[in-house]
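For the sequence shown, UniProt numbering begins at 1 and goes up steadily by one. Where a beta carbon is used, it is the ideal one built from N, C-alpha and C, also for glycine. Shown next, in structure tokens, is the structure this report addresses.
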Amino acid sequence: MSDIKSYEQIKELLTQHGQQHLLAFYDELDEKQQQKLLSQLSELDFVQIDEWAEKYVKNDSPMEVPSEFEPAPSYPAEPEDDKQAATYKQAVEKGVKLLENGKVAGFTVAGGQGTRLGFSGPKGNYPISPVKQKTLFQLFAETVAAASAKFGAAIPWYIMTSPLNHAETVETFEQSSYFGLNPDNVFIFQQGTNINFSLDGKILLAEKDKLATSPDGHGGSLKALHVSGAIADMKKRGVEYISYWQVDNPLVRLFDPLFIGLHAKNNAGMSSKALIKAYPTEKVGNFCLVDGKVTVIEYSDLPEDDAHRQNPDGSLVFELGSIAIHIVSVDFVEKLNAHGFALPIHRAVKKIPHINEKGEKVKPEEPNGVKLETFVFDALPLADESIILETVREEEFAPVKNAEGTDSPAVTKQMMTERAAKWLEAAGIQIPRNSEGKPDCVIEMAPSFAIFPEDVEAKKAAVPDIKPGDEIYLD
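Structural data, given as structure tokens:
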């Protein structure tokens, strides 16, 4: 933490950099509030702020799309020949061994609020399971417990919050007795923040004694893992690989031996799971190869012609979409932080509540400012090696983002039932289906029952007959 500069030093700095409005209400503050404001201002790097204001706030400097890029290679969801099948078998064995030896940790990026779902509180507290209405946090906790039991090693779980929801998240875990997990194996920490700007490059005040800030994006996770002491904690435990997922996706396969094993066998720094895009302009990042490095080009930055380009068989040339599921090596995160890395800045124009020049609190109805974020996938080209494993949407991607329509709770719950039905049918259990082929029942499969399709076989005797209209909970 920086030493707190004096009022005079701060005033001079602010004047030099055109931000003197930040002291407009200084004389109205009591001594404690004055110190709080000076402390925040002392930590700012004004040279960097000037650069950000010029480049990303007053001007919209879009991400430069590389002039040359090609599709990134990937491993298919299922092996395509005997040689690949043998590779996958070895990778699974490697992944299982790493899990059994305590070399893998779970990491959830959980800084978001449930606002878009019409829900107050951390998004991880949103009730999503189709029968028991378990929250996202509870489902992940139960999966960590089930995987720890399956592989015979306690898997530590790291959760990154934001200043918006940190206290509530900690309270959730304490009040629920950590959902049955050992608190020593759950590490909750906050991501960093960036200051917010008005559209003309002025730093905004949230209160008369407080700068307006917002979380620095999921790219901030790679710095926060280091700053919080999470990486040091992992090293102490002997953890070498981090399984990364976002809090809004309850279908994610948290600890996938195949994915972990392929990453480790390739000595990769950071790897990704990908979906085959549903249509050319689906709003997911596109996996590409730029100068031999795996790179994600945002859907809004991929030229239209490239988005629609097809192979001779009719498939999309750029068909692999990014879904924020990664394996990251601990030593990769360490190396990044040792060299003082900086990820590219992404600009977001937003409605930002603030104190106006009259000292009044304003809640704007139109976008009035800029938030700056970094994205975790921008670290991919910094890795010496990076692999991509394709996965199947129905198996692993049902994010809950919107109150209604696409990516809504109703869709997510339906997909949870459909996946459970598919796993049960693969074990020979009959599922009633309607005329459209959809399950004519609601099924919730607890992580204690199965975390992989092959887990169902040993439990199938406990499954009751499922009739049309039934609600079934399997644990």
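- Task: Give me the Cα-Cα distance between Q16 and E68, rounded to the nearest whole angstrom.
- Result: Residue 16 sits at position 16 when you count from the first residue of the sequence shown. Residue 68 sits at position 68 when you count from the first residue of the sequence shown. Distance between the alpha carbons of Q16 and E68: 41 Å.
- Identify, in the order they occur along the chain, each residue of the same chain with its Cβ nearer than 6 Å to the Cβ of N434, setting aside the five sequence neighbours on each side. Taking the first residue of the sequence shown as position 1, residue 434 is located at position 434. Counting only Cβ-Cβ distances below 6 Å, and skipping sequence neighbours, we find D440.
- Task: Give me the Cα-Cα distance between H354 and A145, rounded to the nearest whole angstrom.
- Result: The residue labelled residue 354 in the question sits at position 354 within the sequence shown. The residue labelled residue 145 in the question sits at position 145 within the sequence shown. Straight-line measurement puts the Cα of A145 at about 43 Å from the Cα of H354.
- Query: Three or more beta-carbon pairs under 8 Å between the segment 310-324 and the segment 89-104, yes or no?
  - Reply: The segment 310-324 vs the segment 89-104: no contact.
- Ends of the beta strand (DSSP E) at T193? By 1-based counting over the sequence shown, the position of residue 193 is 193. T193 -> beta strand (DSSP E) spans 193-195.
- Query: Under a three-way DSSP split, which group does T135 fall into?
  - Reply: Against the sequence shown, residue 135 aligns to sequence position 135. Of the three classes helix, strand and coil, the one that applies to T135 here is strand, per DSSP.
- Bridge-paired residues (DSSP) for G246: Here residue 246 corresponds to residue number 246 of the sequence shown, with the count starting at 1. The sequence shown places Gln at residue 246, rather than the Gly named in the question. Per DSSP, V109.
- Message: Here's the rule: buried if 16 or more other CB atoms are within 10 angstroms of the residue's CB, otherwise exposed. What is V339?
- Response: The residue labelled residue 339 in the question sits at position 339 within the sequence shown. Before going further, note that residue 339 is His rather than Val in the sequence given. H339 should be labelled exposed.
- Item | Bridge partner(s) assigned by DSSP for V442 | Mapped onto the sequence shown, residue 442 falls at position 442. E471, per the DSSP bridge assignment.
- Task: Would you mind sorting S329 into buried or exposed? The rule is 16 or more other CB atoms within 10 Å of its CB.
- Result: As a first step, residue 329 must be located in the sequence shown, where it is residue number 329. Buried, by the Cβ-count rule.
- Query: If we ignore side chains and look at the alpha-carbon of each, how far apart do P399 and A24 end up?
  - Reply: Here the question's residue 399 lines up with position 399 in the sequence shown. Here the question's residue 24 lines up with position 24 in the sequence shown. C-alpha separation (whole angstroms): 44 Å.
- Given that a residue counts as buried once 16 or more other Cβ atoms are within 10 Å of its Cβ, and exposed if not, what is M1? Stepping through the sequence shown from its first residue, residue 1 is reached at position 1. For M1, the predicted model reports a pLDDT of 44, less than 50, meaning its position is unreliable and no value from the coordinates is stated.
- Any idea if S221 is buried or exposed, counting beta-carbon neighbours within 10 angstroms, 16 or more meaning buried? Mapped onto the sequence shown, residue 221 falls at position 221. Buried, because 16 or more other Cβ atoms sit within 10 Å of the Cβ of S221.
- Simplified DSSP state of K361, which is helix, strand or coil: Your numbering for residue 361 matches position 361 in the sequence shown. Note: K361 maps to strand in three-state DSSP.
- Message: Counting C-beta neighbours from all protein chains within 10 Å, is the total for T108 16 or more, i.e. buried, or is it exposed?
- Response: Position 108 of the sequence shown holds residue 108. The residue is buried, with at least 16 neighbouring Cβ atoms inside 10 Å.
- Item | Among N185, D209, A85, nearest to E31 - alpha-carbon criterion | Within the sequence shown, residue 31 is the residue found at index 31, counting from 1. By alpha-carbon distance to E31, the top candidate from N185, D209, A85 is D209.
- N337 and H226: beta carbons closer than 8 Å? By one-based count along the sequence shown, residue 337 stands at place 337. By one-based count along the sequence shown, residue 226 stands at place 226. It is a contact, given that the beta carbons lie within the stated cut-off.
- Might you give, ordered along the chain, the residues of its own chain that have their beta carbon closer than 8 Å to the beta carbon of L38, omitting 5 neighbours on each side? Within the sequence shown, residue 38 is the residue found at index 38, counting from 1. The residues I4, K5, S6, Y7, I10, in chain order, have a CB closer than 8 Å to that of L38 in the same chain once the five nearest residues on each side in sequence are set aside.
- Message: Please return the same chain residues whose Cβ sits closer than 7 Å to the Cβ of K401, not counting the five positions on each side in sequence.
- Response: Here the question's residue 401 lines up with position 401 in the sequence shown. Cβ within range, chain order: R116, D248, D407.
- Between the CA atoms of P432 and A348 - distance to the nearest angstrom: Looking up residue 348 in the sequence shown gives position 348. Looking up residue 432 in the sequence shown gives position 432. The alpha-carbon atoms of A348 and P432 are separated by roughly 46 Å.
- Segments of 4+ residues assigned as alpha helix (DSSP H) that fall wholly inside the segment 11-66: Correct list: 31-42, 46-52.
- Message: Can you tell me whether A383 is helix, strand or coil according to DSSP?
- Response: Position 383 of the sequence shown, counted from the start, is the residue given in the question as residue 383. Reduced to three states, the DSSP call for A383 is coil.
- Query: Does the Cβ of L199 have 16 or more other Cβ atoms within 10 Å, making it buried, or fewer, making it exposed?
  - Reply: Against the sequence shown, residue 199 aligns to sequence position 199. Its Cβ having fewer than 16 others within 10 Å, L199 is exposed.
- Message: Cutting at 8 Å between CB atoms, please list the residues of its own chain near E282, excluding the five before and the five after it.
- Response: Taking the first residue of the sequence shown as position 1, residue 282 is located at position 282. In chain order, Y299, G321 place their CB closer than 8 Å to the CB of E282, counting only its own chain and leaving out the 5 sequence neighbours on each side.
- Message: Going by DSSP in three states, K273 sits in which element: helix, strand or coil?
- Response: For the purposes of this step, residue 273 is taken as the residue at position 273 of the sequence shown. For K273, the three-state secondary structure derived from DSSP is strand.
- Task: Could you tell me which uninterrupted beta strand (DSSP E) segments, each at least 3 residues in length, are contained entirely in the segment 295-341, listed from first to last along the chain?
- Result: Complete beta strand (DSSP E) runs here, min 3: 320-329.
- Message: According to DSSP, is K94 part of a helix, a strand, or is it coil?
- Response: One-based indexing of the sequence shown puts residue 94 at position 94. Per DSSP, reduced to three states, the secondary structure at K94 is helical.
- Query: In or out: D475 buried (at least 16 other Cβ within 10 Å) or exposed?
  - Reply: Numbered from 1 along the sequence shown, position 475 holds the residue referred to as residue 475. The residue is exposed, with fewer than 16 neighbouring Cβ atoms inside 10 Å.
- Query: What's the call for P409, buried or exposed, on a 16-neighbour Cβ count within 10 Å?
  - Reply: Counting from one through the sequence shown, the residue named residue 409 turns up at place 409. With 16 or more other Cβ atoms inside 10 Å of its own Cβ, P409 counts as buried.
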